[in-house]
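Residues 0 to 325, numbered by numbering that gives the first Met the number 0, are exactly what the sequence shown covers, in order.
All C-beta atoms in this analysis are idealised placements derived from N, C-alpha and C, irrespective of residue type, glycine included.
Data first, discussion second: the structure below is written as structure tokens.
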Amino acid sequence: MSQPTSITRELIRKRAEHNEGVIFSLEEIALHQQNICKIEHIDLWCPSLKIIYLQANEISKIENVRRFKNLEYLNLALNKIEIVENLEGCESLNKLDLTLNCIRKLSSLTSLTNNYALREIYLTGNPCAAFKFYRLYVIGTLPQLESLDGVAVLHTERLAAKANFDYIQSEILEQEYIKTHNPPIERASEIRRQLRNERECLATADQTPSKPEINRLVSKDGRVLNSNQAEVNFKLVEEDDTIILTVKLAKYMDTSLIDVDVQPTFVRVIIKGKLLQLVLSTEVQSDRSVAQRSLASGDLVVTMPMVKDVVKPRDNSDIPALEPIA
Numbered sequence: 000m001s002q003p004t005s006i007t008r009e010l011i012r013k014r015a016e017h018n019e020g021v022i023f024s025l026e027e028i029a030l031h032q033q034n035i036c037k038i039e040h041i042d043l044w045c046p047s048l049k050i051i052y053l054q055a056n057e058i059s060k061i062e063n064v065r066r067f068k069n070l071e072y073l074n075l076a077l078n079k080i081e082i083v084e085n086l087e088g089c090e091s092l093n094k095l096d097l098t099l100n101c102i103r104k105l106s107s108l109t110s111l112t113n114n115y116a117l118r119e120i121y122l123t124g125n126p127c128a129a130f131k132f133y134r135l136y137v138i139g140t141l142p143q144l145e146s147l148d149g150v151a152v153l154h155t156e157r158l159a160a161k162a163n164f165d166y167i168q169s170e171i172l173e174q175e176y177i178k179t180h181n182p183p184i185e186r187a188s189e190i191r192r193q194l195r196n197e198r199e200c201l202a203t204a205d206q207t208p209s210k211p212e213i214n215r216l217v218s219k220d221g222r223v224l225n226s227n228q229a230e231v232n233f234k235l236v237e238e239d240d241t242i243i244l245t246v247k248l249a250k251y252m253d254t255s256l257i258d259v260d261v262q263p264t265f266v267r268v269i270i271k272g273k274l275l276q277l278v279l280s281t282e283v284q285s286d287r288s289v290a291q292r293s294l295a296s297g298d299l300v301v302t303m304p305m306v307k308d309v310v311k312p313r314d315n316s317d318i319p320a321l322e323p324i325a
């Protein structure tokens with residue numbers, strides 16, 4: 000197994016090449032898939048960060064983030080976090096992604112009640128997401144939310160959550176107590192196992208040159224690779240100033256079985272625990288990208304505006320009806 004990685008100045012500078020290596024004024028940093036076990040130092044070295052990507056690491060605790068007054072988006076998907084905590088000081092936090100972690104204590108969301116700027120949160124794939132009344136509890140606890148797991152919060156849901164909150168809360172607390180010792184869900188374990196295997200393959204690549212390595216997510220020199228472990232049909236095209244990914248899916252597949260992660264240089268789709276990863280021809284605006292399901296066919300459509308150009312208006316008359324997903 001790969002050794003844990005610490006967050007060092009050298010690592011930060013390497014990831015700050017787009018900012019000429021200057022780390023103090025950084026507003027965005029990508030530290031995903033680095034085998035990081037602890038969040039440390041970046042709050043002191045990079046206090047101006049607005050976007051932090053820390054997905055697919057080995058982080059078990061949210062810590063050392065209180066100083067990020069300007070932080071708007073924090074991605075901690077695919078880690079080992081069990082409790083939502085220590086985010087009270089992130090007063091600008093707008094979007095929080097905790098997909099596929101190990102959160103069982105849903106009541107720890109109360110620590111976010113004073114994060115008034117929070118509009119989106121993702122908890123798909125955590126044990127707590129299977130709780131009865133999960134969605135109503137989250138909506139009742141965090142009334143400032145506009146979207147939960149990529150699905151817009153409805154006015155009727157707010158009313159139901161408010162009217163029945165005491166009963167819902169008691170049900171959640173009982174389920175927390177009963178399921179405290181349940182193992183993490185298999186999908187999270189599968190992806191983490193895949194990432195660990197990848198790191199081990201990279202470490203031993205020089206010793207086994209004649210044996211091809213399959214299902215690799217990252218090349219030996221650190222480049223993200225294409226992978227279609229999900230074995231799905233897809234189409235990736237450029238249209239005007241946008242890259243559009245269309246993935247053929249069964250019309251009635253449950254949307255909760257799909258997870259989409261758009262990064263500036265690649266897009267990753269997890270379908271029933273299996274991965275589709277595609278390298279993009281040009282950098283995209285991950286925070287403005289949208290994933291939707293076609294109401295007519297069930298296909299997944301991921302629309303990713305390019306960074307280099309201003310997004311131009313387009314004629315939507317021929318586009319089928321779509322519904323948002325996480």
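Query raised in the report: Between Asn34, Lys131, Leu299, which lies nearest to Leu75 when the distance is taken from Cα to Cα?
Result: In the sequence shown, the residue the question calls residue 75 occupies position 76. For Leu75, the nearest C-alpha among the options comes from Asn34.
Requested in this report: Output the boundary residues of the alpha helix (DSSP H) element that contains Ile41.
Outcome: For the purposes of this step, residue 41 is taken as residue 42 along the sequence shown, with counting starting at 1. It spans 41-44 - the alpha helix (DSSP H) in which Ile41 sits, taken as one unbroken run.
Query raised in the report: Straight-line CA distance for Val223 to Leu244?
Result: Residue numbering aside, residue 223 sits at position 224 when the sequence shown is read from its first letter. Residue numbering aside, residue 244 sits at position 245 when the sequence shown is read from its first letter. Near 17 Å, if we compare the C-alpha coordinates of Leu244 and Val223.
Requested in this report: Work out the CA separation of Lys60 and Ile82 for me, nearest whole Å.
Outcome: Translated into the one-based positions of the sequence shown, residue 82 becomes position 83. Translated into the one-based positions of the sequence shown, residue 60 becomes position 61. Using only the alpha carbons, I get a separation of about 7 Å.
Query - Cα-Cα separation between Val21 and Leu279, rounded to whole angstroms - result: Counted from its first residue, the sequence shown places residue 21 at position 22. Counted from its first residue, the sequence shown places residue 279 at position 280. Rounded to whole angstroms, Val21 to Leu279 spans 26 Å at the Cα level.
Query raised in the report: How big is the Cα-Cα spacing for Pro182 and Lys104?
Result: What you label residue 182 is simply residue 183 of the sequence shown in a count that begins at 1. What you label residue 104 is simply residue 105 of the sequence shown in a count that begins at 1. The pLDDT assigned to Pro182 is 47, lower than 50, so where the model puts this residue is not dependable, and the model offers no usable value.
Report task. Please name the residue, chosen from Val64, Thr98, Lys49, that lies closest to Asp42 on a Cα-to-Cα basis. Result -> Here residue 42 refers to the residue found at position 43 of the sequence shown. The shortest C-alpha separation from Asp42 is found at Val64.
Requested in this report: Please classify Thr254: does DSSP put it in a helix, a strand, or coil?
Outcome: Taking the sequence shown and counting its residues from 1, one reaches residue 254 at position 255. Judged by DSSP in its simplified three-state form, Thr254 adopts helix.
Query raised in the report: Where DSSP assigns a beta bridge to Lys79, which residues make up the other side?
Result: Residue numbering aside, residue 79 sits at position 80 when the sequence shown is read from its first letter. Partner(s): none; Lys79 has no beta bridge.
**Report entry** Ala128, DSSP secondary structure in three states
**Finding:** Sequence index remark: in the sequence shown, residue 128 carries index 129 (1-based). In this structure, Ala128 counts as helix in the three-state DSSP scheme.
Requested in this report: Tell me Ala249's beta-bridge partners as DSSP assigns them.
Outcome: As a position in the sequence shown, residue 249 is number 250, starting the count at 1. Checking the DSSP bridge columns, you'll see Ala249 has no partner listed.
Query - Test item: CB-CB of Pro304 and Arg292 under 8 Å - result: Position 305 of the sequence shown, counted from the start, is the residue given in the question as residue 304. Position 293 of the sequence shown, counted from the start, is the residue given in the question as residue 292. No, they are not a contact pair.
Requested in this report: From the DSSP output, in three-state form, read off Leu158 for me.
Outcome: In the sequence shown, the residue the question calls residue 158 occupies position 159. Leu158 falls in the helix class under three-state DSSP.
Report task. Report back the beta-carbon spacing between Glu26 and Ile50 to the nearest angstrom; my notes put them in contact at under 8 Å. Result -> If you number the sequence shown from 1, residue 26 lands on position 27. If you number the sequence shown from 1, residue 50 lands on position 51. Between Ile50 and Glu26 the Cβ distance is about 7 Å, and since that is below 8 Å, they are a contact.
Query raised in the report: Helix, strand or coil: which one does DSSP assign to Val268?
Result: In the sequence shown, the residue the question calls residue 268 occupies position 269. Correct three-state label for Val268: strand.
**Report entry** Coil, strand or helix - Gln168 by DSSP
**Finding:** Taking the sequence shown and counting its residues from 1, one reaches residue 168 at position 169. Three-state DSSP puts Gln168 in a helix.
Query raised in the report: What are the boundary residues of the alpha helix (DSSP H) that includes Leu10?
Result: The residue given as residue 10 occupies position 11 in the sequence shown. From DSSP, the alpha helix (DSSP H) with Leu10 extends over 8-13.
Requested in this report: Give me whichever residues DSSP pairs with Tyr72 in a beta bridge.
Outcome: Position 73 of the sequence shown holds residue 72. Partner(s): Ile50, Lys94.
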